[in-house]
Amino acid sequence: MKRLLSIISYVFHPMFISVYAVLLYFFLTERYHPYQEVFLVTIQVIILTILIPISIFYFLMTLGRANSFMLSEISQRKIPLAVNVLLLYILIRESIRIELIPELYYFFFGALVSTVLALLFVFINLKASIHMIAISSITVFAIGFSLHTQTNHIYLVAFLLLLNGIVATSRLSMKAHDTKELIVGFLSGVIPQIGLLYFWL
218 MKRLLSIISY VFHPMFISVY AVLLYFFLTE RYHPYQEVFL VTIQVIILTI LIPISIFYFL
278 MTLGRANSFM LSEISQRKIP LAVNVLLLYI LIRESIRIEL IPELYYFFFG ALVSTVLALL
338 FVFINLKASI HMIAISSITV FAIGFSLHTQ TNHIYLVAFL LLLNGIVATS RLSMKAHDTK
398 ELIVGFLSGV IPQIGLLYFW L
């Protein structure tokens, strides 16, 4: 069971959630998007939210500033989170602009706010669960998208809600966080997304 929970923790690593959200949007949307646009947006998200962060992570490892892919030490979070803030800003400024795909724009805007919160928490020695920020964010996005398109995605929403519990359990099982850090992470993911629903529902 612990091995399964560990695998879940990696499969739903925050680094991958942005790509999952993009694929979810393009799979569910009824709006027409040319294949070239779908491909370009997906590639840009992969580069900015996965490939560049991974490259920076390995660079930090060579400098001795990181010792784990999960960045379990609070002191190791500042640079990766600051870089992610910059990359998300570039993403919504240059790639997923509001006039092109407003749903994804506001999702990534919420992700930017959540990442800023996680970075600020580091300075008060609080290690908010970034896993919970990510999984709760995409859950609210799926709920909002269902309301926005007036389509029934109850099974998807139920699955994502279940995943919130499973991911939280995996983080506790790996002793990566305590309950307080999981709750702070969950709220840091949910609140910005809910607040931004007003602008695109």
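Counting in this note's numbering, the sequence shown runs without a single skipped number right up to 418 at its last residue.
Don't be surprised by glycine CBs; every beta carbon is placed ideally from N, CA and C.
Taking residue i as the reference, which of the options has the closest Cα?
i: E419; options: L343, F229, S235, S223; result: Nothing about residue 419 can be reported from this structure: the residues present for the chain run from 218 to 418 only.
i: V431; options: L268, L329, K295; result: For residue 431 there is no data in the structure shown, the boundaries of the chain being 218 and 418.
i: H365; options: A375, Y415, G406, L380; result: Y415
i: E290; options: I260, V333, S346; result: S346
i: F276; options: I315, V300, T259; result: V300
i: G412; options: S354, L336, L337, E311; result: S354
i: F338; options: E247, I260, R294; result: R294
i: L304; options: L379, L336, P270, A385; result: P270
i: L265; options: H370, E311, L336; result: E311
i: V258; options: S292, R220, V228, I309; result: I309
Compute the Euclidean distance between the alpha carbons of residue i and residue j, then round it to the nearest angstrom.
i: H230; j: L373; result: 19 Å
i: Y197; j: I408; result: Since the first and last residues shown for the chain are 218 and 418, residue 197 lies out of range.
i: Q253; j: F324; result: 21 Å
i: I224; j: H348; result: 13 Å
i: K397; j: Y249; result: 42 Å
i: F243; j: A283; result: 35 Å
i: L222; j: I383; result: 8 Å
i: G188; j: I352; result: With the chain covering 218 to 418 only, the question about residue 188 has no answer from this structure.
i: L317; j: A238; result: 16 Å
i: A375; j: F358; result: 13 Å
i: F505; j: T368; result: For the chain, the structure presents residues 218 to 418; residue 505 sits outside this window and is missing.
i: L241; j: V262; result: 13 Å
i: V333; j: H370; result: 30 Å
i: I341; j: I313; result: 32 Å
i: Y322; j: I400; result: 25 Å
DSSP three-state label for residue i, please.
i: N381; result: helix
i: K424; result: Any question about residue 424 goes unanswered here, given that the chain covers just 218 to 418.
i: P251; result: coil
i: T266; result: helix
i: I419; result: Within the shown structure, residues of the chain are numbered from 218 to 418, placing residue 419 beyond reach of any answer.
i: G281; result: coil
i: I318; result: coil
i: I341; result: coil
i: P246; result: As written in the sequence, residue 246 is Thr, which differs from the Pro given in the question. Reduced to three states, the DSSP call for T246 is coil.
i: I291; result: helix
i: H230; result: coil
Answer yes or no: does any C-beta atom of chain B fall closer than 8 Å to that of residue i?
i: F338; result: The chain inventory of the structure shown lacks chain B, comprising one protein chain alone.
Taking the beta carbon of residue i as the centre, do at least 16 other beta carbons fall within 10 Å, making it buried, or is it exposed?
i: K344; result: buried
i: M218; result: exposed
i: F256; result: exposed
i: P297; result: buried
i: G281; result: exposed
i: T279; result: exposed
i: F326; result: buried
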